[in-house]
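Chains as they are written, first to last, in my numbering: chain A, 1 to 285; chain B, 286 to 570; chain C, 571 to 855; chain D, 856 to 1140; chain E, 1141 to 1425; chain F, 1426 to 1710.
Number of protein chains: 6
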Amino acid sequence: MIPAPLPRPLIEPVLRRALEEDLGLAGDITSACVVPADHRSRFAIVARQAGVAAGLDCVELACALVDPAIRVTRDLADGAALRPGTRLAVLEGPSRSLMAAERTALNLLGHLSGIASVTARLVAAVQGTGVAVACTRKTTPGLRALEKYAVRAGGGMNHRYSLADAVLIKDNHIAITGGIRPALERARAGAGHMVKIEIEVDDLDQLEEVLAVGADAVLLDNMAPAMLRRAVAMVAGRMVTEASGGITPDSAAEIAATGVDLISAGWLTHSAGTLDIGLDVLAEG
Amino acid sequence: MIPAPLPRPLIEPVLRRALEEDLGLAGDITSACVVPADHRSRFAIVARQAGVAAGLDCVELACALVDPAIRVTRDLADGAALRPGTRLAVLEGPSRSLMAAERTALNLLGHLSGIASVTARLVAAVQGTGVAVACTRKTTPGLRALEKYAVRAGGGMNHRYSLADAVLIKDNHIAITGGIRPALERARAGAGHMVKIEIEVDDLDQLEEVLAVGADAVLLDNMAPAMLRRAVAMVAGRMVTEASGGITPDSAAEIAATGVDLISAGWLTHSAGTLDIGLDVLAEG
Amino acid sequence: MIPAPLPRPLIEPVLRRALEEDLGLAGDITSACVVPADHRSRFAIVARQAGVAAGLDCVELACALVDPAIRVTRDLADGAALRPGTRLAVLEGPSRSLMAAERTALNLLGHLSGIASVTARLVAAVQGTGVAVACTRKTTPGLRALEKYAVRAGGGMNHRYSLADAVLIKDNHIAITGGIRPALERARAGAGHMVKIEIEVDDLDQLEEVLAVGADAVLLDNMAPAMLRRAVAMVAGRMVTEASGGITPDSAAEIAATGVDLISAGWLTHSAGTLDIGLDVLAEG
Amino acid sequence: MIPAPLPRPLIEPVLRRALEEDLGLAGDITSACVVPADHRSRFAIVARQAGVAAGLDCVELACALVDPAIRVTRDLADGAALRPGTRLAVLEGPSRSLMAAERTALNLLGHLSGIASVTARLVAAVQGTGVAVACTRKTTPGLRALEKYAVRAGGGMNHRYSLADAVLIKDNHIAITGGIRPALERARAGAGHMVKIEIEVDDLDQLEEVLAVGADAVLLDNMAPAMLRRAVAMVAGRMVTEASGGITPDSAAEIAATGVDLISAGWLTHSAGTLDIGLDVLAEG
Amino acid sequence: MIPAPLPRPLIEPVLRRALEEDLGLAGDITSACVVPADHRSRFAIVARQAGVAAGLDCVELACALVDPAIRVTRDLADGAALRPGTRLAVLEGPSRSLMAAERTALNLLGHLSGIASVTARLVAAVQGTGVAVACTRKTTPGLRALEKYAVRAGGGMNHRYSLADAVLIKDNHIAITGGIRPALERARAGAGHMVKIEIEVDDLDQLEEVLAVGADAVLLDNMAPAMLRRAVAMVAGRMVTEASGGITPDSAAEIAATGVDLISAGWLTHSAGTLDIGLDVLAEG
Amino acid sequence: MIPAPLPRPLIEPVLRRALEEDLGLAGDITSACVVPADHRSRFAIVARQAGVAAGLDCVELACALVDPAIRVTRDLADGAALRPGTRLAVLEGPSRSLMAAERTALNLLGHLSGIASVTARLVAAVQGTGVAVACTRKTTPGLRALEKYAVRAGGGMNHRYSLADAVLIKDNHIAITGGIRPALERARAGAGHMVKIEIEVDDLDQLEEVLAVGADAVLLDNMAPAMLRRAVAMVAGRMVTEASGGITPDSAAEIAATGVDLISAGWLTHSAGTLDIGLDVLAEG
């Protein structure tokens, strides 16, 4: 699906840092040596692997920050399905500038498309069940806004963006507070009216306790399908049910069949791996 | 191996950004609701998976930036081998502060240890051959210094850090310049005396041309073992030989046996995936 | 009430900018001219006006950033009631350093205490009704995290922190979407499970429509007490009810008596004015 | 009056921070859910309250940073008088972009116009007396350049911008130095030739001492009109005379009539409150 | 003379940038290779050339930012006279850390001491005349606060810090305004009461015009000693007189003898050159 | 020679900082007072001194950051020879904007052209010998990328950019490691294959030891011409030979005649002094 684009003020600082990293204190010394100043090139950005595109705004902005004279023409939008050979965009401009922007652009495009692709795979695995797929806060430091965006491009949804925008009570919190009831009650008293409250449970006794107090969502941690099914029956629609822990593309369908509302997985963001996307020379001048 | 630590000015900005991401505009609202202000905890950082540690300085600095009252005691150093259950460090301090720092610390530790671990696996696959393992510039934007460090922690070595610190002439450069000879000659004329020059070749004819002009290193791109062996023989020690393209832990030994000096792989940094490392509660107060 | 402190990474950048503003390119040239380098002072921070304290962490950090040799001893915590003459803290250290930090510290302390104080006044006006008091996104650019914190110190609660952490459907959105039902349905389909959905209505017909679809909260905009009362009855506990628009300390009690769950006001943050807090010399050396 | 505009490098960082605050890690999720990607709007920025405009450059830059496709057409310039209903500008562009920029733009516009408006009111109160109205360093952290600008838009003038650009000797400095004479002498010896020296006095004896040594300006602190009149007579034009402390729009005329050169007030910047300015929908597409 | 130290918030950003420049993405790879991790060193910072010290706070902070374990012991303070062989400070700590901080520390110390030294030389050239020596805004981008400080360490005084803190009317302004009188009158009307006004004149006719209107200071541009003497006589103490343009250590005494109040020179900051200061090994461990 | 331009992301932060320094919190108050808002000017940038141009991109970007309405037309490119009176570029636009950008632009242009000019002088001194001229890491903090660029504009080459991109073993390292052989061996073992290794020697015995182990380059420190000649003979082309220490334009020819490959000098960057370049009014409007 085509996600709403991230506003430029959220991605520009990431790209400026990435370019500073790759340009060092001298820029691209190889091109400075071997590429004539007035040489121009056209490159196609082409998928070498099947997946889902995410990050074309980053490509365009990386090019613009290096040299406004680079023209980027897109063949498709973020969220589009890619097959080996699919062309995503064409870059055209001064060769030295293109080579200075290339790696930064491709690193980000590959990274985000990798996340979108594994998300799409998990979404496909549960297709037809009505179950949603969500990421977590296990993101790469500095890239959370972009990685959450990539999950959306892959058809997934987002969990909390940060510690500040929703309450998620975990086992440690319960232990510290002395039980599920006091934890939930304190959360309800302390959290604002625009803040949702979720709590993590490991077994059905805990779930019972949660149901007695109430919450917006419950995270059913590391439960086998049979137990998940009983949990869903107990909740009976009174809370959002989220299955988490050890879910793989292989196990997802069975877990989705238990009737939970969503499944979440940290590896969508922390272990997706890059999607192989490269540059092909179209023409030179 | 224990790599020389990165100086703090290189890692502090990464951590500040990561903490700002995760703390949002309100900090950890869950803990603010449910954890008493004076509650203290002790957590152990424990590997759930075998691998190699990298990122303990990041853990320590993340904690220090959130609250100098957190004490971090290390059980081992970056570069150490981990087995499921290996304790890496103990964190002790105010519970709210620990929970505010926890995810940022673990995200980075898992990410870097993941890179160190796959590097170590590739290094192990070629052990005894004298072949070195190197990463590339295909790193996660904003994390290059740390990811290159993690490669060192895994026993690998680093390729260029940026476009600015070495010359690497690729197929596009050769095409633009009109041939291997002019490309190498321009590079030698333009690059400083402290800058090494490497050139990428696809076949042995190109290698022949390179040998006629000379370079510090040659990247043998996507060559099968038989061709690599002939290439090594042709070079006869006059340049560093680097095999690259499609090398996997499975194919590495065979490639190493061809006699190349090093093998490089982008996936060490762009697709390592996280190493599973978690927190265990040790005690509460 | 004593709010959970903001983690230091959230307030340090604000203070660094404020100090750079006030120190210019030469620091405090008056003190450099007239105060001997080794002169030490003790100052008391004293309220000149009744209110509620907020911002003592900022005072302490401003001093620490200018000179770690300044010692700050607090007499009370954020959230404490102040009367004219109440001492909040004592600062002790090199006079030049104290004078360099003073205005930055007091500007922020007065600004945040002003917000905490008007919040506390509004909270007091509705005391006993069970109605909560909330701020909005009408904050001073660059200070939102701190101003939302000050509202908490005054006993209030927070609304959305940003456009990213909750859905609030306003009249413009309804007009664009073509009605309340499609707007709410799209929001429910698009927003994550940890995101609350609120919608603004101007009259009871709109409220009727909202009730037919459902939402987490409804903002009853600029309604007179009689209409608010009817709205509350219609909602009958199925959504959080928020009264907003033109609420003053004088009108608050009457509005609270209508049975709404909370009242919100932008002026808590955008027009509180500073609380008068000054420095008294305690001793010199 | 129309003030000289602040150069963009002074306001851009403020706006980038404000936008990052309001856009969080996901941008405007409400609009992403309910507003079609290609929907366009036209909004009028309209005063709801009488006052003076300040901050239109900020509105324009906030829009440009979010989306260069937004067009801003101004109806008037900063410094213009506003009545309820006065249109300040028209914004036209993609609806999602407009909604992402709206609150940031209005928060700053309202804040600065609030300052310009109270300044203009104080200027009006002393009109015809030739007395100037000045602000102080009691500004909102991070916004000093903009707030001082807003004072100029309201017809006021600026006092010191920072501790670094003028000498202002206060009671503490006098106490530390051991008297008015040594304080002034050290200031004159130490301050550069482009730096003005002002000193604060509480009574006429102190003023006598100041006159014996000389200064560029004297701050007559918290003096009643009668004493101010005698002070002005004593000074007899040899220094700029500034009345400060407890001046209100009501008392300003009487104080201005004493013949002082200027009156200054911290509340112009620290307690002005926002000016109510809103958005009206003009058309949609 | 010992100048008042710059507050740390003014110098820390300069040092962080400088360290990032010199540490690249990998830190000091030489030391990482050849220096054992636990090796400690003691270095003396020693002048190789006569001059005046400036920048010891920078040395100390550079070391602290790299590694708080480095101890810096000063032998003297900024402003002290140096002879070849004078020891300024001793650094002691982990060798790798010392080597990572060394160049950044010495580059800044040499640069600032160079400025202090040429300033002191010019001050010495006019000693006994009562004439002050001042720098200009011709400073190295990014280092103005530090370079102005170095001028103070050399016994000089500062001119304007920026375009914002004083009025200096130059020939272009006069041409645009249509004459000296309107330029001065507009400046007086527009500038705040804490802002000094200086005007540049090329000949005595212009000076006559200035005297008819009045200003705080006059810059006598590129005048020969005879004309300067007549200018001083005309001014007769009514304004500060500043000689500027082509003043060298050789010509300074003659110019000072004309009776001007101060002489200013851009080369104090833009062309001082470094002062040769090096590191001597004291001991190793 | 015309150097490859630095990518904009490397120079923009330098210019933003420089402009913030010079614009303070109020911008150019002189022009705000005396220059009408709609006045336009044309200025020529003209060399007052012979030398080599460097920094025209900085001029253009400084103007663009202050006001995109300024038009910059270049008469020549960086690397061009300048004589007194040579026009480098014409600036045209709103007078207030031009005056706000002028000093920042000229400070950087003069600084970088100064470096290019002394570099060109040293290059000229060794012309015909085939010897290259290189700078060092003795650069002005914050400006290394630009200063190294200026050296290239003057026809010189660059040494290491930072501690991270090449190994340079100095006397301290040798002492710590216990000798030249172990130092070189550790460096070879630890440094990546794209990293060159240079070692500093003081006499021919040390050089002998180096030759026995091998390195990429040798720095012959402070050797007299006779010893340099013998060193070159000993090396016999097996390493790059670099003469360093006390080389002046006067001594350069003699040193170049010894047959070394390059000479390096810190003063190219740390003590070049500015090149005198000024603004001439072309026309006003």
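Every residue, glycine too, gets a C-beta built ideally from N, C-alpha and C.
Check, Outcome
"Am I right that residue 723/C and residue 573/C are in contact with their C-beta atoms under 8 Å? What's the rounded C-beta distance?", "5 Å"
"Below 8 Å on the Cβ atoms is my guess for residue 1280/E versus residue 1564/F; work out the distance and round it to an integer in Å.", "The pair is not a contact, with the Cβ atoms about 11 Å apart (cut-off 8 Å)."
"Pull up the distance between the alpha-carbon of residue 570/B and that of residue 382/B, whole angstroms please.", "Summary for residue 570/B: the model assigns pLDDT 48, below 50, so the residue's position carries little reliability; its value from the coordinates is reported in the next sentence. The straight-line gap from Cα to Cα measures roughly 14 Å."
"Pull out every residue of the region 1574 to 1590 of chain F whose Cβ sits closer than 8 Å to any Cβ of chain B, in chain order.", "1582, 1583, 1584, 1585, 1586, 1589 and 1590"
"Return the chain-ordered list of same chain residues with a C-beta closer than 7 Å to the C-beta of residue 939/D, the five sequence neighbours on each side being excluded.", "902, 903, 904 and 905"
"Starting from the C-beta of residue 184/A, find all residues in its chain whose C-beta is less than 8 Å away, skip the five residues before and the five after it, and write them out in chain order.", "169, 197, 199, 210, 213, 214 and 215"
"Rounded C-beta distance between residue 878/D and residue 7/A? I'm assuming under 8 Å.", "5 Å"
"Could you compute how far the alpha carbon of residue 1432/E sits from the alpha carbon of residue 440/B?", "Any answer about residue 1432/E is impossible in this case: the structure gives chain E only from 1141 up to 1425."
"Could you tell me the distance, in whole angstroms, from the CA atom of residue 1441/F to the CA atom of residue 864/D?", "7 Å"
"Based on Cα-Cα distance, which residue from 385/B, 493/B and 446/B lies nearest to residue 466/B?", "493/B"
"Ends of the beta strand (DSSP E) at residue 664/C?", "657 to 664"
"Since residue 37/A meets chain F, which of its residues come closer than 9 Å, beta carbon to beta carbon?", "1427, 1429 and 1430"
"Taking the Cβ atom as the reference point for each residue, do residue 1102/D and residue 1083/D lie within a distance shorter than 8 Å?", "no"
"Determine, using beta carbons only, whether residue 54/A and residue 115/A come nearer to each other than 8 Å.", "yes"
"Using beta-carbon positions only, say whether residue 1457/F and residue 1533/F come within less than 8 Å of one another.", "no"
"In the region 123 to 149 of chain A, which residues sit with their C-beta less than 8 Å from some C-beta in chain C, listed in chain order?", "132 and 134"
"Taking 8 Å as the threshold (C-beta atoms), are residue 1104/D and residue 977/D in contact?", "yes"
"Let me confirm a value: residue 986/D is counted as buried when at least 16 other C-beta atoms fall within 10 Å, else exposed. Which label applies?", "buried"
"Which two residues bound the contiguous alpha helix (DSSP H) that contains residue 634/C?", "626 to 636"
"What does residue 20/A reach in chain F if we use C-beta pairs closer than 9 Å?", "1434, 1435 and 1438"
"Less than 8 Å between the CB atoms is what I'm expecting for residue 25/A and residue 449/B, so what's the real figure, rounded?", "6 Å"
"Using only alpha-carbon positions, find the residue among 1677/F, 1684/F and 1698/F that is nearest to residue 1659/F.", "1684/F"
"Ordered along the chain, which non-local residues of its own chain (more than five positions away) have a Cβ less than 8 Å from that of residue 792/C?", "772, 814, 815 and 816"
"Of the residues that make up the region 802 to 813 of chain C, which ones have a beta carbon closer than 8 Å to any beta carbon in chain A?", "810 and 812"
"As an exercise, report each continuous beta strand (DSSP E) stretch of at least 3 residues that is fully enclosed by the region 1282 to 1351 of chain E, in chain order.", "1307 to 1309 and 1337 to 1341"
"Work out the CA separation of residue 1316/E and residue 1302/E for me, nearest whole Å.", "21 Å"
"Helix, strand or coil for residue 533/B, going by three-state DSSP, please let me know.", "coil"
"Where does the unbroken alpha helix (DSSP H) through residue 589/C begin, and where does it stop?", "578 to 593"
"Hey, does residue 612/C have any beta-carbon neighbour from chain A nearer than 8 Å?", "no"
"For the alpha helix (DSSP H) holding residue 798/C, just list the boundary residues, first then last.", "795 to 805"
"Let me see if you follow: with CB-CB separation under 8 Å, is residue 1613/F close to chain D or not?", "no"
"Do residue 11/A and residue 75/A have their beta-carbon atoms positioned less than 8 Å apart in this structure?", "no"
"Helix, strand or coil: how does DSSP classify residue 336/B here?", "strand"
"For residue 1260/E, I'd like the list of residues in its chain whose CB is within less than 6 Å of its CB, leaving aside the five on either flank, ordered along the chain.", "1192, 1294 and 1295"
"Going by CA-CA distance only, name the one from 1495/F, 1497/F and 1513/F that's closest to residue 1503/F.", "1513/F"
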